[in-house]
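Participant:
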Amino acid sequence: MNIELTLNRDLTTVDVAPGETLLEMLRRLGFTSVKDGCAHGDCGTCAVLIDGRAATACLLFAAQADGREITTIEGLVDDGFGLAEAMLDVGAVQCGFCIPAMILTAADLLRRESAPTRAEIATYLAGNLCRCTGYVKQLDAVELAIARAEEVTSG
Amino acid sequence: MSRTQIAEYARPESLNEAWGFVAAAGPSMRLVAGGSDLTIASPPEVTRLVDLSGALSNEIRVTADGEINIGAMATLSAIAEHRTIASHASGVVAAMMTDVGSPLLRNTATIGGHLARGKLSDIIPVFIALDAEATTYTGELHTMTLAEYYDDAVNKQPHILTNIRLPPLPHATAAFLRLSRTAFDFPIINACCRVDFDGDLVTDARIVLGATPLRSQRASAAEAVVTAADLTPDGIAAAAEAARAEITTKGGWTASAEYRTHLVAVLVERCLRQIAGDGGAA
Amino acid sequence: MAEKFAVVGQSEIRVDGRALVGGQPVFVDDAATDAKTLHLALLWSPHAHARIRSIDTTAAADVPGVELILDHRNTPDKRYTTAGQGYPEPSPYDARMFDTKVRFVGDRVACVAADTVAVAQQAAELIEVEYEILDAVLTIDAAIAEGAPVIHDETDALDVWNQDRNVAAHMVGAAGDVAQGFAESDVVVEVTTETQYAQHAPLEPHAVYSYFDANGRLVIVSSTQVPFHVRRIVGRLLDLPVHSIRVIKPRIGGGFGVKQEVLIEDLAALVTVRTGRPAKLIYSREEEFISSRTRHPMRITTKLGAKADGTLHAIETTALSNTGAYGTHGLTVLSNVGSKTLPLYNKAPHVRFFGDAVYTNLPVGGAYRGYGATQSYFALETAVDRLAAELGIDAMEWRLRNHIREGETSPIFKALGEGREGVDQIITSCALEECIKRGAERIGWADKRGKRHRDGDWIHGVGMSIHMQGSGIPLVDMAAATLKMNDDGSFNLLVGATDLGTGSDTILGQIAAEVLGVPLDHIVVTSSDTDLTPFDTGAYASSTTYVSGMAVQLAAQDVMAQILEVAGAILNTPTDELTAEGGLITRADGETVTLSEVALRSLYAADQRQIAATRSFVPEVSPPPFMASFAEIAVDERTGQIRIVDYVVAVDCGTAINPNLAEGQVEGALVNGIGYALYEEIIFDDKGKPLTDDFARYKIPGVLDIPPIEVILVESYDPTGPMGAKSISEIGINGPIPTIANAVHDATGVWLTKTPFSAERVWRALREYQDRQPSVTPPVRP
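Chains as they are written, first to last, in my numbering: chain A, 2 to 156; chain B, 507 to 788; chain C, 57 to 838.
(1) In three-state DSSP terms, what is B:E551?
(2) Using the three-state DSSP reduction, which class does C:P746 fall into: helix, strand or coil?
(3) For a contact meaning CB atoms closer than 7 Å, what does A:Y136 contact in chain B?
(4) Cβ atoms of C:S583 and C:P679: under 8 Å apart, would you say?
(5) Look up C:W807 in the DSSP assignment and say whether it is helix, strand or coil.
(6) Between which residues of its own chain and C:L588 is the CB-CB distance below 7 Å, once the five residues before and five after are set aside?
(7) Taking the straight line between their C-alpha atoms, what separation do you get for C:P467 and C:Y382?
(8) Which of the three DSSP states, helix, strand or coil, is assigned to C:G565?
(9) Would you please state the rounded distance, in angstroms, between the beta carbons of C:A324 and C:Y265? I believe it to be under 8 Å.
(10) Measuring CB atoms only, is the segment 286-296 of chain C touching the segment 120-136 of chain C, in the sense that at least three cross pairs come out at less than 8 Å?
(11) Using a Cβ-Cβ cutoff of less than 6 Å, which residues in the same chain neighbour C:V244 once the five nearest sequence positions on both sides are dropped?
(12) In terms of residues, what are the limits of the beta strand (DSSP E) holding C:F312?
(13) Please decide whether A:V49 counts as near chain C, where near means a Cβ-Cβ distance under 8 Å.
(14) Give the single residue among C:I667, C:T631 and C:A435 whose Cα lies nearest to the Cα of C:N542.
(15) Give, in chain order, every residue of the segment 166-188 of chain C whose Cβ lies closer than 8 Å to some Cβ of chain A.
(16) Within the same chain, show all residues whose beta-carbon is closer than 6 Å to that of C:W514, passing over the 5 residues directly before and after it, in chain order.
(17) Under 7 Å Cβ-Cβ, which residues of chain A neighbour C:A752?
(18) Does any C-beta atom of chain B lie closer than 8 Å to the C-beta of C:I739?
(19) Interface residues of chain C around B:D691 at Cβ under 7 Å?
(20) So, at 8 Å on beta carbons, what are the nonlocal neighbours of B:L562 in its own chain, with the 5 sequence-adjacent residues on each side left out?
(21) Do you know how far the Cα of C:I183 is from the Cα of C:R694?
(22) Give the DSSP bridge partners of C:N218, in chain order.
(23) Would you please verify whether the beta carbon of A:M2 is less than 8 Å from any beta carbon of chain B?
(24) Would you please verify whether the beta carbon of B:A735 is less than 8 Å from any beta carbon of chain A?
(25) In whole angstroms, what is the alpha-carbon distance linking B:V732 and B:D658?
(26) Assuming A:T134 contacts C:G724 (C-beta within less than 8 Å), just tell me the rounded distance between them.
(27) Does any CB atom of chain C fall closer than 8 Å to the CB of B:T755?
(28) What are the uninterrupted segments assigned as beta strand (DSSP E) that are 3 or more residues long and contained completely in the segment 703-744 of chain B, given in chain order?
(29) Counting only beta-carbon atoms, is A:Q95 nearer than 8 Å to chain B?
(30) Give the interface partners of C:D533 over in chain B, defined as CB-CB distance under 8 Å, in chain order.
(31) So, with DSSP's three-state summary, where would you put C:H299?
(32) Is C:I793 closer than 8 Å to C:G729 when the C-beta atoms are compared?
(33) For A:T154, would you say it is in contact with chain C, using Cβ-to-Cβ distances shorter than 8 Å as the test?
(34) Whose Cβ in chain B lies nearer than 9 Å to the Cβ of C:T195?
(35) Using a Cβ cut-off of 7 Å, pull out every chain C residue sitting near A:V91, in sequence order please.
(36) Between C:G565 and C:T601, what straight-line distance do the alpha-carbon atoms span, to the nearest angstrom?
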């Protein structure tokens with residue numbers, strides 16, 4: 002069956018199987034930033050933005066993306082809030098398997114809240130598991146991105 | 507494991523059309539309403555999916571007298587972030603909702619999908635405590651209390667859950683507590699207490715335990731203990747003891763029945779103490 | 057002490073960082089597979105212990121798209137070990153690719169190769185197996201009981217300690233006479249602890265992809281910590297010469313030891329060999345839980361004897377390790393229970409370690425960050441707190457008096473190695489005293505210890521523990537590095553070392569850049585390709601920074617000498633009158649030559665040659681990193697829940713080559729350790745089937761579960777390591793269990809002896825404690 006969706010800003014038609022998940026579809030199309038870490042909605046490494054909100058692609062059928070806007074890290078160009086750079090600068094990237102989804106989830110938050118507290122950031126990243134870092138530097142990175150954005154705005 | 511047997515995906519555009527699928531369907535059909543466990547494991551007999559997103563509302567409407575009407579397709583995030591819900595019954599719904607799954611799940615999980623599934627829920631005991639009503643469609647609309655909805659005669663029969671109604675509770679103070687291993691985890695047990703005050707006098711109360719791990723249970727004897735009196739430390743202790751005695755628990759690999767029963771009293775007492783503090787009573 | 061460095065000591069951005077944040081196709085499963093690729097699915101044993109009477113694959117083979125089915129009838133019957141260790145492996149050869157007997161729920165029965173994953177899975181379900189179900193051994197006690205079912209009754213296993221008694225491995229190491237030591241002691245304490253089954257849970261599961269290249273060589277792309285061991289072990293198993301196999305490790309999504317195992321490479325390789333087609337196998341999360349590797353659960357008894365003045369006089373640690381169905385890492389993990397802990401308190405003249413690793417019909421133990429030390433420190437460091445309490449000495453003060461120091465040794469270094477005798481060594485760097493003092497200062501030890509206070513139902517306490525690990529395996533590990541110079545004065549660094557997310561590509565590049573006086577971006581790092589890079593035993597045993605780092609440093613020094621020679625020729629100056637800095641070679645009078653000029657001359661102009669060097673390093677010692685771990689915790693006395701209020705660790709890793717990455721190693725290990733201490737646990741039903749086979753049931757810490765954490769890097773300088781560095785990847789995981797247990801005792805008076813410290817378990821312990829002492833109400837400050 003064909004679905005029509007906006008994929009990283011491009012209106013796209015994709016032929017999907019009725020039982021195919023959005024995760025399977027995106028990986029089949031070559032979006033390797035969307036990882037398969039558990040396929041149960043528990044690890045968060047497959048998170049993408051669906052109409053701007055971060056969600057696990059593994060728990061959605063591809064058909065549910067029909068008519069909706071899907072963004073992966075590949076499509077997060079001008080609206081990444083400098084999160085990728087901040088993650089690298091503070092050393093928040095270890096194996097990197099969780100990072101694209103972590104950045105997307107944080108971007109969803111920052112799009113709605115310009116200055117969340119560390120606790121609010123943590124609350125929003127609760128579904129993004131990381132086994133390497135202990136999360137300290139990832140929270141540092143989001144805070145750094147916010148601080149840099151504030152500098153730009155006030156400067 | 508495999509989902510390759512799924513041959514059909516339908517998205518009806520109206521409730522009637524959706525009901526047509528449900529009424530006609532046997533075990534080969536499953537409903538999809540938001541993020542779905544069917545992506546993890548679809549039983550081999552499941553060959554047709556019916557997506558309710560086109561047939562049901564996701565709106566959250568608030569009437570002039572404060573009644574909140576939630577369309578079944580509203581996401582848990584939309585409910586958690588809703589301005590009126592944030593202050594309804596001292597904010598218990600919004601506070602509880604941050605314990606449900608994770609944002610990545612709440613952003614696509616719908617209230618209808620969650621309630622219809624009905625398992626190990628933090629939402630159900632809270633909604634029961636808030637006297638929530640469910641509306642179902644079976645060719646015609648039926649409205650019932652959420653507790654009644656979980657009667658097998660309703661819940662296990664073909665139906666479409668269309669709306670949830672939270673009645674206005676201007677005099678209510680409520681609290682919710684849960685215990686789990688990690689923050690993003692199923693509850694080992696949870697409790698929601700709601701107390702309606704007239705001044706210091708308790709006019710009505712709901713004490714509901716969930717994840718026992720049986721279906722949510724009301725602690726009626728405990729409710730009676732605190733009703734028609736001031737909410738005092740002694741009353742709270744007596745209510746906690748009553749709840750411990752009347753709530754049935756079961757053991758499993760995350761917790762024993764004995765521990766869960768112990769926690770019934772602890773959580774009920776803590777919820778009521780929190781209400782007593784927040785509500786200015788006692 | 058530390059030298060002044062330019063690139064080392066800087067928190068350089070990871071060399072692979074941009075590809076990772078951008079989601080580039082750098083992991084095994086990202087490789088574009090061609091249409092001929094076969095996808096593999098496995099049939100797992102549903103029984104904990106059974107003999108396979110027959111297998112019928114007819115129905116499965118008839119499914120369209122099925123190409124090949126492997127089981128015990130058509131695969132090599134050699135015994136081997138899946139442990140990715142050096143040759144000869146110190147683990148018993150007790151496994152077969154597919155055996156006629158299954159020994160745990162999740163053991164391999166058959167493997168289907170088909171055109172799609174779905175077809176392979178569907179066909180696997182159609183395989184009919186007749187089992188003769190045998191009595192299963194599901195606990196350590198059942199394994200060693202008289203008349204217990206024999207799990208390894210095969211006649212062709214090698215190097216099993218005692219097959220008839222289910223003992224896979226046995227280890228003893230001693231100095232002095234502990235019986236005499238305890239008799240001479242004024243105070244003796246003894247603690248027995250039990251630790252649980254746990255899983256590494258890297259977010260990327262095991263993944264392998266194999267194919268024949270254009271020249272007919274077998275290429276195995278694997279998410280592995282040990283590419284060279286994969287090449288050797290797969291070659292032996294499948295009777296393929298090493299020269300016909302190339303193993304490539306791309307980026308990998310974490311390992312923590314579980315990928316120090318040749319777990320699935322043999323399957324993909326054999327399918328490719330048999331069919332000529334590419335083959336791919338990616339474990340599901342469920343398979344990762346039921347059929348990869350685990351942390352060995354252990355029961356450990358540690359006994360300490362001290363003189364009245366507090367001096368430690370005797371230590372004895374006795375361990376029973378559950379190695380599960382196979383003995384991989386059984387002996388070496390067991391050895392480290394003693395060897396990575398007992399030298400910490402080297403003042404005792406009487407020391408003894410004794411241990412057995414026993415088979416059970418449960419999942420297979422393997423290498424897991426901490427490698428036996430994690431389990432052992434629970435017993436040792438809680439025993440230390442009990443001893444100090446008996447002696448009436450503050451637990452921190454007692455540790456300061458008794459821990460090992462720079463210039464000292466321990467007889468255990470020689471008496472106990474990894475599965476064999478160890479190596480004598482003198483501690484060449486130790487900043488543990490400073491670690492303890494800085495950690496204590498930061499947590500507020502003096503104000504809080506022994507002064508539990510109440511906040512509602514929560515009672516607060518503080519605890520600590522101290523630790524050592526190692527830096528590689530002395531006289532066993534070997535790493536090599538090749539450096540070659542390019543036209544523009546940049547360098548290719550080729551290392552066999554395996555970056556599993558740790559950042560080793562980056563820090564090895566930093567070491568080379570430091571020696572060569574260039575920025576990190578002038579070092580192009582290529583790692584872990586058995587065709588392109590020199591040998592390295594692999595990423596385990598905290599070896600990479602220290603062992604591979606030394607190989608890089610030596611190669612870079614060699615290349616630098618060659619550069620100076622060429623520069624001397626250009627400048628007409630003896631090399632010892634030249635200095636190298638900032639990409640320039642400078643003569644005393646200020647005349648300079650650039651690295652590019654050196655390269656261009658040697659590549660094109662005069663005395664032409666490739667400036668390059670390959671150097672190897674075999675460590676003769678294993679200088680331990682040290683750590684002091686402190687936590688303030690609160691216990692909800694009514695629910696038993698533990699909340700970590702504050703966590704501080706101070707770690708001595710020698711020079712921190714890249715402080716951000718070093719801190720990240722400690723933070724990650726610490727959080728992994730907190731999960732292991734509080735809730736991570738594989739739970740089985742009464743037939744040995746794991747119930748916790750996904751992240752909903754097996755909980756690992758999420759961001760909301762982490763306490764405030766502070767990592768203090770206390771730098772020392774180890775003269776035997778690269779730029780003074782020691783390794784740091786494992787030690788952090790050892791802290792949380794004993795630190796939390798000691799803090800819980802400080803708060804409540806209860807000694808916890810069994811992990812995980814689940815709320816219910818703590819609640820029960822509190823209740824038992826109160827029942828035992830009905831008249832004593834713990835003094836609590838309001």
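Using N, Cα and C, we set each Cβ at its ideal position, and we do this for glycine too.
Facilitator: In this structure, then:
(1) Translated into the one-based positions of the second sequence, residue 551 of chain B becomes position 45. The answer is coil: DSSP assigns B:E551 none of H, G, I, E or B.
(2) By 1-based counting over the third sequence, the position of residue 746 of chain C is 690. If DSSP states are grouped into helix, strand and coil, C:P746 belongs with the strands.
(3) Your numbering for residue 136 of chain A matches position 135 in the first sequence. Going along chain B, no residue has its Cβ under 7 Å from A:Y136, so there is no contact; the nearest lies around 12 Å.
(4) Numbered from its first residue, the third sequence carries residue 679 of chain C at position 623. Numbered from its first residue, the third sequence carries residue 583 of chain C at position 527. Not closer than 8 Å, so no.
(5) Taking the first residue of the third sequence as position 1, residue 807 of chain C is located at position 751. In the structure shown, C:W807 sits in coil (DSSP, three-state: anything other than H, G, I, E or B).
(6) Position 532 of the third sequence, counted from the first residue, corresponds to residue 588 of chain C. The answer, listed in chain order, is L550 and T582.
(7) Translated into the one-based positions of the third sequence, residue 467 of chain C becomes position 411. Translated into the one-based positions of the third sequence, residue 382 of chain C becomes position 326. Taking the straight line from one Cα to the other gives about 31 Å.
(8) The residue you call residue 565 of chain C lines up with position 509 of the third sequence. For C:G565, the three-state secondary structure derived from DSSP is helix.
(9) Taking the first residue of the third sequence as position 1, residue 324 of chain C is located at position 268. Taking the first residue of the third sequence as position 1, residue 265 of chain C is located at position 209. About 7 Å; that satisfies the 8 Å criterion.
(10) yes
(11) On the third sequence, residue 244 of chain C is found 188 positions in, with the first residue counted as 1. So the list reads F238 and G361, once near-sequence residues are dropped.
(12) The residue you call residue 312 of chain C lines up with position 256 of the third sequence. Premise fails: C:F312 is in no beta strand (DSSP E) and is neither H nor E.
(13) Taking the first sequence and counting its residues from 1, the one referred to as residue 49 of chain A is at position 48. Taking Cβ atoms only, chain C never reaches closer than 8 Å to A:V49, which makes this a no.
(14) Position 486 of the third sequence, counted from the first residue, corresponds to residue 542 of chain C. Looking at the Cα atoms, C:I667 is the closest of the given residues.
(15) none
(16) The residue given as residue 514 of chain C occupies position 458 in the third sequence. Closer than 6 Å at Cβ, skipping near neighbours: A690 and D692.
(17) Residue numbering aside, residue 752 of chain C sits at position 696 when the third sequence is read from its first letter. Result: H41 and D43.
(18) Start at 1 with the first residue of the third sequence, and residue 739 of chain C comes out as number 683. Cβ-Cβ to chain B under 8 Å: yes for C:I739.
(19) As a first step, residue 691 of chain B is located in the second sequence; it is residue number 185 there, counting from the start. Going along chain C in sequence order, the residues near B:D691 (Cβ under 7 Å) are K755.
(20) The residue labelled residue 562 of chain B in the question sits at position 56 within the second sequence. L521, A524, A539, G577, A578, M579, G618, I666 and T668, listed in sequence order.
(21) Position 638 of the third sequence, counted from the start, is the residue given in the question as residue 694 of chain C. Position 127 of the third sequence, counted from the start, is the residue given in the question as residue 183 of chain C. Spanning the two alpha carbons is a distance of roughly 52 Å.
(22) Numbered from 1 along the third sequence, position 162 holds the residue referred to as residue 218 of chain C. C:N218 is bridged to C:V223.
(23) For the purposes of this step, residue 2 of chain A is identified with residue 1 of the first sequence, where counting begins at 1. Interface residue, yes.
(24) The residue labelled residue 735 of chain B in the question sits at position 229 within the second sequence. By this cut-off, B:A735 is not an interface position.
(25) Against the second sequence, residue 732 of chain B aligns to sequence position 226. Against the second sequence, residue 658 of chain B aligns to sequence position 152. For B:V732 and B:D658, the distance between alpha carbons rounds to 31 Å.
(26) Along the first sequence, one-based indexing puts residue 134 of chain A at 133. Along the third sequence, one-based indexing puts residue 724 of chain C at 668. The pair is a contact, with the Cβ atoms about 5 Å apart (cut-off 8 Å).
(27) Stepping through the second sequence from its first residue, residue 755 of chain B is reached at position 249. By this cut-off, B:T755 is not an interface position.
(28) For the beta strand (DSSP E) assignment, the uninterrupted runs of no fewer than 3 residues enclosed by the segment 703-744 of chain B are, from N- to C-terminal side, 707-716.
(29) One-based indexing of the first sequence puts residue 95 of chain A at position 94. Taking Cβ atoms only, chain B never reaches closer than 8 Å to A:Q95, which makes this a no.
(30) Within the third sequence, the letter at position 477 stands for residue 533 of chain C. Listed by position along chain B, the residues whose Cβ is nearer than 8 Å to that of C:D533 form an empty set, because the closest Cβ is around 36 Å away.
(31) Stepping through the third sequence from its first residue, residue 299 of chain C is reached at position 243. Residue state, collapsed to three classes: helix.
(32) Counting from one through the third sequence, the residue named residue 729 of chain C turns up at place 673. Counting from one through the third sequence, the residue named residue 793 of chain C turns up at place 737. In this structure, C:I793 lies closer than 8 Å to C:G729 by Cβ.
(33) What you label residue 154 of chain A is simply residue 153 of the first sequence in a count that begins at 1. Judged by the 8 Å Cβ criterion, A:T154 is not in contact with chain C.
(34) Translated into the one-based positions of the third sequence, residue 195 of chain C becomes position 139. Within chain B, no residue comes near C:T195; the closest Cβ sits about 16 Å away, beyond 9 Å.
(35) Here residue 91 of chain A refers to the residue found at position 90 when the first sequence is read from its first residue. Neighbours of A:V91 on chain C, chain order: N716.
(36) The residue labelled residue 565 of chain C in the question sits at position 509 within the third sequence. The residue labelled residue 601 of chain C in the question sits at position 545 within the third sequence. Rounded to whole angstroms, C:G565 to C:T601 spans 11 Å at the Cα level.
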